[in-house]
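Just so you know, the sequences run in chain order A and B. Going by this note's numbering, the residue at position 169 of the first sequence is 169; the numbering climbs one at a time, nothing skipped. Going by this note's numbering, the residue at position 250 of the second sequence is 250; the numbering climbs one at a time, nothing skipped. Cβ coordinates follow ideal geometry from the N, Cα and C atoms, glycine included. Let me begin by presenting the structure, written as structure tokens, before commenting on it.
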Amino acid sequence: MIEVKDVKKQFGSQEVLKGISAVFESGKNNLIIGKSGSGKTVLLKCIVGLLTPTSGHVYFDDKDYVAMNIDQKNEIRRELGMLFQGGALFDSLTVEQNVRFPLDMFTKMSMSEKRDRVNEVLKRVNLTNTNQKFPSQLSGGMQKRTGIARAIVMNPKYLFCDEPNSGLDPQTSIVVDELIMEITQEYKITTITNTHDMNSVIANGDKIIFLHEGNKHWEGDRLTLFESDNKELIDFIFASEFLKEARDARFNKLKNK
Amino acid sequence: MAEYVHASGGPLFHIGRYILMIKRSIAKPERASMYWKETLVQMNNIGVGSVVIILLISFFIGAVSAVQFAYNLSQSMVPMYYVGYVVKESMILELAPTVSCLILGGKIGSNLASELGTMRLTEQIDALEIMGVNTISYLIGPKLAAAITMIPLLVVISAVTGIWGGLVAGSFSGYVSSVDYMQGVLMNFVGYNIFVMMAKSVVFGFVLTSVSCYQGFYAHGSAIEIGKASTRAVVLSCVMVLFADLVLTWLLLR
Numbered sequence: 001m002i003e004v005k006d007v008k009k010q011f012g013s014q015e016v017l018k019g020i021s022a023v024f025e026s027g028k029n030n031l032i033i034g035k036s037g038s039g040k041t042v043l044l045k046c047i048v049g050l051l052t053p054t055s056g057h058v059y060f061d062d063k064d065y066v067a068m069n070i071d072q073k074n075e076i077r078r079e080l081g082m083l084f085q086g087g088a089l090f091d092s093l094t095v096e097q098n099v100r101f102p103l104d105m106f107t108k109m110s111m112s113e114k115r116d117r118v119n120e121v122l123k124r125v126n127l128t129n130t131n132q133k134f135p136s137q138l139s140g141g142m143q144k145r146t147g148i149a150r151a152i153v154m155n156p157k158y159l160f161c162d163e164p165n166s167g168l169d170p171q172t173s174i175v176v177d178e179l180i181m182e183i184t185q186e187y188k189i190t191t192i193t194n195t196h197d198m199n200s201v202i203a204n205g206d207k208i209i210f211l212h213e214g215n216k217h218w219e220g221d222r223l224t225l226f227e228s229d230n231k232e233l234i235d236f237i238f239a240s241e242f243l244k245e246a247r248d249a250r251f252n253k254l255k256n257k
Numbered sequence: 001m002a003e004y005v006h007a008s009g010g011p012l013f014h015i016g017r018y019i020l021m022i023k024r025s026i027a028k029p030e031r032a033s034m035y036w037k038e039t040l041v042q043m044n045n046i047g048v049g050s051v052v053i054i055l056l057i058s059f060f061i062g063a064v065s066a067v068q069f070a071y072n073l074s075q076s077m078v079p080m081y082y083v084g085y086v087v088k089e090s091m092i093l094e095l096a097p098t099v100s101c102l103i104l105g106g107k108i109g110s111n112l113a114s115e116l117g118t119m120r121l122t123e124q125i126d127a128l129e130i131m132g133v134n135t136i137s138y139l140i141g142p143k144l145a146a147a148i149t150m151i152p153l154l155v156v157i158s159a160v161t162g163i164w165g166g167l168v169a170g171s172f173s174g175y176v177s178s179v180d181y182m183q184g185v186l187m188n189f190v191g192y193n194i195f196v197m198m199a200k201s202v203v204f205g206f207v208l209t210s211v212s213c214y215q216g217f218y219a220h221g222s223a224i225e226i227g228k229a230s231t232r233a234v235v236l237s238c239v240m241v242l243f244a245d246l247v248l249t250w251l252l253l254r
């Protein structure tokens, strides 16, 4: 479980996060949603420690991450995996070397054990026969899946996904979303996904927090999402006229029934 | 870490951040074998990858020096074998370490800055941080180790090639015979000068690599920033090499 308590983040005079508190539960896909510029990425970076909150606390299983020194943070970091928006694969390494990197760096496994583990996770993300390819030879979806494989190769307790669907076609997005969901449930990890893709929200939102201008405006799950009367959330969900019309049509249909 | 990347300030801020970067780059490695492997890769990139350009440039520097000295000496009473002596001394004391490192500042400096800058921009450095890797130590430490090992070797190659270039140009131009030239080269050999050359090459290697890595590692923004960081790396490392040259010459040749 990850808990953030009254996290504020300021860049100069600009306050990006204005005191966010939330609990992200284990075995669930916890989504942070909101418009571009709402503070989603900054919150995610504060949680993983790439940014230090101006004030507030981040707890990983009751351990205060913000107060830790760099060595203690590195210990926690070895228990977390992260899927970056652009994949963040190492250009000069092959798929296999990319996925094997954390094993090479932090474990004393033999080469054959490492190869077996890499093949196991690559199979898990449906990437076979790509071991010797370089990231530049992969499609966007394959890069994302390689990123997921690298993120889970160390059996993390926490998984962070920064906009996993960005730059992907709708079909590939669904594949990536399903994969994240399956891995979360299979390994019982705490997953925090930062997204503004509504398909993803509806399919995977075990727990959702909605950010607007640095504030948490709403918290719930995919079942309660459409019942909310929060104006900003409704505007975010039904961003297009088409969706608004679809919602009204559906609402009228239900009303007539 | 990201704060320190996006932060900006005056010269004192940069000097402080540069010193902290150097301190962290020599931290204890998480896995020595990985660092060693990376050091070998960098030794290949920095050292082996620069041999051809060093050979080419040093040959011409030595050749031009020999012809110019010979031209000047031809109008004086000084014996022509002094051409070999002057080329040897200038190559060892100044031209091999300084000019080679200025050339390497352009080649390696822009390469390192753009490599690290691109890694920063594409979140590869963030990915390493998230894994719990000491990014400065892993990415910059091996480059510094490779530079202070390989650049002195390149400088030795440069000095030898320059002296040989002088021999070829001097004898082909007809100014000085190869026998006279070699007599000058072997005349009055001072071992301390070799020490000065090696000391300069180690310091210059460290300076140009660390300055370039600093520019690349803390680059942020868009692709244009990578280009700017790369340019800053070359300009600053060349200026710092020249400054270090002056200081070392004062200190070592009193």
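Worksheet item: If we ignore side chains and look at the alpha-carbon of each, how far apart do N188 of chain B and L95 of chain B end up?
Response: 19 Å
Worksheet entry | Cβ-Cβ distance between L112 of chain B and T209 of chain B below 8 Å | yes
Item to complete: Can you give me, in chain order, the residues of the stretch 119-147 of chain B that have a beta carbon less than 7 Å from any beta carbon in chain A?
Response: Within the stretch 119-147 of chain B, the residues whose Cβ lies closer than 7 Å to some Cβ of chain A are T122, E123, Q124, D126, A127, E129, I130, M131, G132 and V133, listed in chain order.
Discussion item. Going by DSSP, what residue range makes up the alpha helix (DSSP H) through F69 of chain B?
Written reply: From DSSP, the alpha helix (DSSP H) with F69 of chain B extends over V51 to S74.
Worksheet item: Cα separation between S38 of chain A and A249 of chain A?
Response: 30 Å
Discussion item. Let's see if you can read the secondary structure: which residues bound the beta strand (DSSP E) around D6 of chain A?
Written reply: Element bounds for D6 of chain A: I2 to F11.
Discussion item. Quick check on the DSSP output: the beta strand (DSSP E) that includes H258 of chain A runs from which residue to which?
Written reply: Outside the modelled stretch of chain A, which goes from 1 to 257, sits residue 258 of chain A, for which no answer is possible.
Worksheet item: If you compare alpha carbons, which of A:I202, A:E232, A:R222 and A:V201 is closest to K216 of chain A?
Response: A:E232
Practice prompt. Specify the secondary structure class of H57 of chain A as computed by DSSP and reduced to three states.
Written response: strand
Worksheet entry | Nearest neighbour of D162 of chain A, chosen from A:G19, A:T41, A:G12 and A:K35 [CA to CA] | Out of A:G19, A:T41, A:G12 and A:K35, A:T41 has the C-alpha closest to the C-alpha of D162 of chain A.
Worksheet entry | Listed by chain order, chain B residues near M105 of chain A by CB distance under 8 Å | E30, R31, M34, M131 and V133
Worksheet entry | Cα-Cα separation between A159 of chain B and L73 of chain B, rounded to whole angstroms | 22 Å
Worksheet item: Smallest Cα separation from T161 of chain B: which of B:F243, B:Y71 and B:V52?
Response: Closest by alpha carbon: B:V52.
Discussion item. Would G19 of chain A pass as an interface residue toward chain B - the criterion being a Cβ-Cβ separation below 8 Å?
Written reply: no
Worksheet item: What is the rounded straight-line gap between the Cα of T130 of chain A and the Cα of I108 of chain B?
Response: 32 Å
Item to complete: Within 10 angstroms of the Cβ of A229 of chain B, are there 16 or more other Cβ atoms? Answer buried if so, exposed if not.
Response: buried
Item to complete: Kindly indicate which three-state DSSP category S21 of chain A falls into: helix, strand or coil?
Response: Strand at S21 of chain A.
Item to complete: Examine the ligand FAD and report whether any of its heavy atoms sits within less than 7 Å of the Cβ of P29 of chain B.
Response: Absence of the ligand FAD is noted for the structure shown, with no ligands found whatsoever.
Fill in: Any C-beta of chain B under 8 Å from that of G86 of chain A
yes
Worksheet item: Cα separation between G184 of chain B and Y81 of chain B?
Response: 5 Å
Fill in: Contacts that F60 of chain A makes with chain B (C-beta to C-beta distance below 9 Å)
Neighbours of F60 of chain A on chain B: none; closest Cβ ~13 Å, over 9 Å.
Worksheet item: Buried or exposed: Q215 of chain B, going by 16 or more other Cβ atoms within 10 Å of its Cβ?
Response: buried
Fill in: Contact list for L44 of chain A against chain B, beta-carbon separation under 7 Å
In chain order: nothing, as chain B lies at least about 11 Å away.
Worksheet item: DSSP state of I177 of chain A, grouped into three classes?
Response: Here residue 177 of chain A turns out to be Asp, not Ile, going by the sequence shown. The answer is helix: DSSP assigns D177 of chain A an H, G or I state.
Discussion item. Check whether the stretch 219-227 of chain B and the stretch 15-25 of chain B are in contact - that is, three or more C-beta pairs closer than 8 Å.
Written reply: no
Worksheet entry | Whether E25 of chain A touches K207 of chain A by CB criterion (8 Å) | Yes, the Cβ-Cβ distance between E25 of chain A and K207 of chain A is below 8 Å.
Item to complete: From the DSSP output, read off the bridge partner residues of E15 of chain A.
Response: A:Q10
Worksheet item: With a cut-off of 8 Å, do at least 3 Cβ pairs link the stretch 195-206 of chain B to the stretch 238-249 of chain B?
Response: yes
Worksheet item: In the structure shown, what three-state DSSP assignment does M21 of chain B receive?
Response: helix
Worksheet item: Can you find at least 3 beta carbon pairs, one from the stretch 98-118 of chain A and one from the stretch 148-155 of chain A, that sit closer than 8 Å?
Response: By the C-beta criterion, the stretch 98-118 of chain A is judged to be in contact with the stretch 148-155 of chain A, since at least 3 inter-stretch pairs fall below 8 Å.
Worksheet item: Can you find a CB in chain B that lies within less than 8 Å of the CB of F90 of chain A?
Response: yes
Discussion item. According to DSSP, is I76 of chain A part of a helix, a strand, or is it coil?
Written reply: helix
Discussion item. Give me, in chain order, the residues of the same chain whose beta-carbon lies closer than 6 Å to that of S166 of chain A; leave out the 5 immediate sequence neighbours on both sides.
Written reply: Within its own chain, the residues whose Cβ lies closer than 6 Å to the Cβ of S166 of chain A, once the five positions on either side in sequence are excluded, are Q85, listed in chain order.
Fill in: Residue burial classification, K28 of chain B (beta-carbon count within 10 angstroms, cutoff 16)
exposed
Worksheet item: Taking Cβ positions only, does P102 of chain A come closer than 8 Å to chain B?
Response: yes
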